[in-house]
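Asker:
In my numbering, the protein residues as written are 15 to 577.
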């Protein structure tokens, strides 16, 4: 497949950047970030190498869960602007070559949503079946809630109707009954609305909960014949409606092991989610970094299904807008990561995850940070960045819960980090303080410092975009003797790269043997001016500093690419 034939699969080598509009840039001085402020920073993002914006919820919401409790799926919260501002943002982004995806929340709404208000008005009104209710007292479900620190179960009693409604998240976020065809039609209409305004797809929130058949047992009237059929219908609808703006995608939040994730891609048919976040590899990567041992990461990569077909893709990330969840690891491994990167109780969320950003976890060590982001871009798949990662922002532990990592973007060393001209007391969220505050870490200073993390990530993005094998290729783990080193090779058509990452602090010399390559073939380092050559035994060796990394492009005779 030639590169020119892969345009509809743009996500295969995209660079995704997640933005919380509320905390990105305030353009009108009210203390709240807005769509116009984000639009003013499109050129900054394009300069880094970002090719796809993922906007966290900007819909009208009581904001009891950072906007994921939506009161109107068609609206724009007036604190952020209006539909005109949104359309202008999409136009400018597209003009700069950036795609735009938005959050699609199909599992729940806010309890302030008109549907739920009507649903709880009586037990026999038309909207009752938009949500999941039960007559009998539920059993203990305290181990099923996503917020064990604030909820004691997943069912809440409604005083007016005397029944219980389901909510896997907060009790202010009642679960939708996605087995109801009317609910499905409403969600499809909402998708069609935003596609008509130019979005390039959706990040689909909490996918397993939305098709969880277990919670719907006994509801004979609208049960799924097969729960995954719902994802198939959404994907088919997306394909029909996105023909005018390229191939729109569904990027799913599915926090499950690889073999279970495979079913959410649609198996060999690939007819469900377009992409999925690779939570399992993410969690194993943190275990590997905690141990200075690449073994857990190798285990995760080797467990990825090999028969997904051409279209499905994994999205790789280090940190995101939620806590660093570790629930796919055994308890002893969870504790190992928590003890290493979150030794204090205030670092932890609900006892099971970390409410920290990466730089404080690494004690600000620039070597380790640069290696970790090199690893992110080098892993087979599509890299995803959370706003502020590119400059090395830290968290603010004075902010409650997982919103500690969702503090205002640090643009300058001026008041409020350049985020807003408002009084600090009026800000949507407190600015980070201490060694990772804006007086020490900000985008303006990073742009002027050639050794900054920002310049490093910009270079990684450029090299990633020049290396389609990273997003498209098949990968092989290479044998070498060092426990701390991940060595893997990615190959797509006639292109191939060897990528080396030292997860430990000690320098090593890595021997490499590539039997399929001719003696004399060059391995050119895309991150430096170094190169090496295979000898008569198809071998060479490469030096790695502590927390070192190398991107070695295999340059064969007659290869026309510049290096």
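In this text, a Cβ means the ideal position worked out from N, Cα and C, and glycines have one as well.
Predicted model, so just to flag it, every value in this text is computed and none were measured.
Do you know how far the Cα of residue 513 is from the Cα of residue 557?
Answerer: So the alpha carbons of these two residues sit roughly 13 Å apart.
Asker: If you measure between the beta carbons of residue 322 and residue 284, is that distance less than 8 Å?
Answerer: Their beta carbons are under 8 Å apart, which means residue 322 touches residue 284 by this criterion.
Asker: Exposed or buried, which one is residue 33 when buried takes at least 16 other CB atoms within 10 Å?
Answerer: Buried.
Asker: Looking only at its own chain, which residues have a Cβ that is under 7 Å from the Cβ of residue 208, when we skip the five neighbours before and after it?
Answerer: These residues qualify, in order along the chain: 116.
Asker: Once the 5 residues before and after residue 17 are set aside, which same chain residues still bring their CB inside 7 Å of it?
Answerer: Reliability fails at residue 17, whose pLDDT of 45 lies under 50, so the model's placement of it is uncertain and no value is given.
Asker: On a CA-only basis, which of 315, 135, 488 and 300 is nearest residue 588? Give me that one, please.
Answerer: Missing from the structure shown is residue 588; the chain here goes from 15 to 577 and no further.
Asker: Would you say the segment 129-146 touches the segment 156-165, given that touching needs at least three Cβ pairs under 8 Å?
Answerer: In short, these stretches do not touch, since the Cβ pair count stays below three.
Asker: So who's on the other strand from residue 367, going by DSSP bridges?
Answerer: Beta-bridge pairing links residue 367 to 339 and 363.
Asker: I'd like to check one pair, residue 304 with residue 360: are the Cβ atoms closer than 8 Å?
Answerer: No, the Cβ-Cβ distance between residue 360 and residue 304 is not below 8 Å.
Asker: Name the two residues that bound the continuous beta strand (DSSP E) containing residue 113.
Answerer: From DSSP, the beta strand (DSSP E) with residue 113 extends over 113-119.
Asker: Per DSSP, which one or two residues make a beta bridge with residue 567?
Answerer: Its beta-bridge partners are 511 and 538.
Asker: Per the contact definition of three or more C-beta pairs closer than 8 Å, is the segment 504-524 in contact with the segment 425-433?
Answerer: They do not touch, by the three-pair rule.
Asker: Closest by CA to residue 380, which one among 450, 206 and 435?
Answerer: Per the Cα distances, 450.
Asker: Enumerate in chain order the residues of its own chain whose CB-to-CB distance from residue 371 is below 7 Å, with the five nearest sequence positions on each side excluded.
Answerer: For residue 371, where only same-chain residues beyond five positions count, the Cβ hits under 7 Å are 333, 407, 408, 409 and 419.
Asker: For a minimum of 4 consecutive residues, which ranges assigned as the alpha helix (DSSP H) are wholly contained in the segment 378-426?
Answerer: Listed in chain order, they are 380-392.
Asker: Could you please give the first and the last residue of the uninterrupted alpha helix (DSSP H) stretch that includes residue 553?
Answerer: No alpha helix (DSSP H) holds residue 553; the beta strand (DSSP E) holding it covers 553-558.
Asker: Drop a sphere of 10 angstroms on the beta-carbon of residue 266, count the other beta-carbons inside from all chains shown, and report buried for 16 or more, exposed for fewer.
Answerer: It counts as buried.
Asker: Taking 7 Å as the line, does the beta carbon of residue 415 fall inside it for any heavy atom of the ligand COA?
Answerer: Judged by which ligands are present, the structure shown has none, so any question about the ligand COA falls away.
Asker: From the DSSP output, in three-state form, read off residue 88 for me.
Answerer: Correct three-state label for residue 88: coil.
Asker: In chain order, what residues of the same chain lie with their CB nearer than 6 Å to the CB of residue 27, ignoring the 5 residues before and after it?
Answerer: Correct list, in chain order: 482 and 485.
Asker: From the DSSP output, in three-state form, read off residue 18 for me.
Answerer: At residue 18 the pLDDT is 42, less than 50, meaning the model places this residue with poor confidence; the figure from the coordinates comes in the next sentence. Here residue 18 sits in helix by DSSP.
Asker: Along the chain, where does the alpha helix (DSSP H) containing residue 58 start, and where does it finish?
Answerer: First-last of the alpha helix (DSSP H) with residue 58: 56-62.
Asker: In whole angstroms, what separates the C-alpha of residue 387 from that of residue 500?
Answerer: Answer to the nearest angstrom: the Cα atoms are 14 Å apart.
Asker: Please name the residue or residues paired with residue 289 in a DSSP beta bridge.
Answerer: The partner list for residue 289 (beta bridge, DSSP) reads 265 and 327.
Asker: Give me, in chain order, the residues of the same chain whose beta-carbon lies closer than 8 Å to that of residue 396; leave out the 5 immediate sequence neighbours on both sides.
Answerer: The answer, listed in chain order, is 25, 26, 27, 28, 29, 30, 289, 327, 328, 329, 330 and 485.
Asker: Count the other CB atoms, across all protein chains shown, that sit within 10 Å of the CB of residue 431; report buried if there are 16 or more and exposed otherwise.
Answerer: That one is buried.
Asker: Counting only the same chain and skipping the five closest in sequence on each side, list residues whose C-beta sits under 6 Å from that of residue 19.
Answerer: In this prediction, residue 19 has a pLDDT of 48, which is less than 50 and means its spatial position is unreliable; what the coordinates show is noted afterwards. Counting only Cβ-Cβ distances below 6 Å, and skipping sequence neighbours, we find nothing.
Asker: Starting from residue 131 and walking both ways along the alpha helix (DSSP H), at which residues does that stretch end?
Answerer: That run of the alpha helix (DSSP H) goes 128-133.
Asker: Taking the beta strand (DSSP E) that residue 209 falls in, what are its first and last residues?
Answerer: Where residue 209 is concerned, there is no enclosing beta strand (DSSP E), although the alpha helix (DSSP H) it sits in stretches over 195-210.
Asker: From 221, 173 and 50, pick the residue whose C-alpha is nearest to that of residue 192; which is it?
Answerer: Ranking 221, 173 and 50 by Cα distance to residue 192 puts 221 first.
Asker: Near residue 87, what residues of its chain come up, given a Cβ to Cβ distance below 7 Å and the 5 sequence neighbours on each side ignored?
Answerer: Answer for residue 87: 73 and 204, listed in chain order.
Asker: Could you give the DSSP three-state label for residue 445: helix, strand or coil?
Answerer: DSSP places residue 445 in coil when its eight states are reduced to three.
Asker: What is the rounded straight-line gap between the Cα of residue 103 and the Cα of residue 518?
Answerer: Going from the Cα of residue 103 to the Cα of residue 518 covers about 43 Å.
Asker: Measure the Cβ-Cβ separation of residue 308 and residue 498 and say whether it is below 8 Å.
Answerer: Cβ atoms of residue 308 and residue 498: closer than 8 Å.
Asker: Assuming residue 383 contacts residue 467 (C-beta within less than 8 Å), just tell me the rounded distance between them.
Answerer: That belief holds up - the Cβ atoms of residue 383 and residue 467 are roughly 6 Å apart, short of 8 Å.
Asker: Going along the chain, which residues of its own chain have a beta-carbon closer than 8 Å to the beta-carbon of residue 453, five neighbours each way excluded?
Answerer: If we look at residue 453 and ignore the five residues flanking it on each side, its Cβ neighbours are 427.
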